[in-house]
Amino acid sequence: GRNRLVGTAFSRAGRYERIRRTFRIRRVRPLVGAGRDRRVRRLRTLRLDGRSTRAAHRGSTLRLRWRIVSRPRGSKATLRHASSRRPLLRSDVRGTYQIRLEASERGGKRGRSAAAAARDTVNVMAQPNVLPEGIPITTLDTQSDPPDVELGPA
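Under my numbering, think of the first position of the sequence shown as -18, with each following residue one higher.
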């Protein structure tokens, strides 16, 4: 795309000169966006988002592939619809999952046959399903408003 660079240089006397240059950088690979890092409750399904991924050339076909590249010990989590823009991850163990989106491009107006690929990763942190334990809560049957709450052993 089109890019603009502005440089400013100062002299010891306090004078400055500003230089502006505009240039174009051709994209030769897709722009891949795997989305922001996310948090999810363990055993819940999370929809990942790769909709911001763009081809480098008009008319090219993008091939997407999501993969779990790192997972917590003991996890057997899988991705469903791993070749779509919005796959599903069901976390099975508490911890961090690192998922990679790779986009490759074929075709286009000029009949490109070589594939250009790029990748991005997203981290998903699976948290426990319940609040931390250890503080028993007992409510007292009273008519006060608000009702009394007692913290400690029941």
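Every residue gets a Cβ at the ideal spot worked out from N, C-alpha and C, and that includes glycine.
All values reported here derive from a predicted model rather than from experimental measurement.
Whose CA, out of L27, Q79, E83, lies closest to the CA of V13?
Walking along the sequence shown from the start, residue 13 turns up at place 32. Ranking the options by Cα distance to V13, first place goes to E83.
With a threshold of 8 Å, are at least 3 pairs of Cβ atoms found where one atom belongs to the region -9 to 2 and the other to the region 32 to 45?
no
Closest by C-alpha distance to S85, when choosing among D73, A37, V74
Here residue 85 refers to the residue found at position 104 when the sequence shown is read from its first residue. Among D73, A37, V74, the Cα nearest to that of S85 belongs to A37.
If you draw a straight line from the C-alpha of R202 to the C-alpha of L29, how long is it?
Since the first residue shown for the chain is -18 and the last is 135, residue 202 is missing from the structure and cannot be characterised.
Using the three-state DSSP reduction, which class does T42 fall into: helix, strand or coil?
Here residue 42 corresponds to residue number 61 of the sequence shown, with the count starting at 1. It is a strand residue.
Rounded to whole angstroms, how far is the Cβ of L60 from the Cβ of P68, which I believe are closer than 8 Å?
Indexing the sequence shown from 1 puts residue 60 at position 79. Indexing the sequence shown from 1 puts residue 68 at position 87. That belief holds up - the Cβ atoms of L60 and P68 are roughly 5 Å apart, short of 8 Å.
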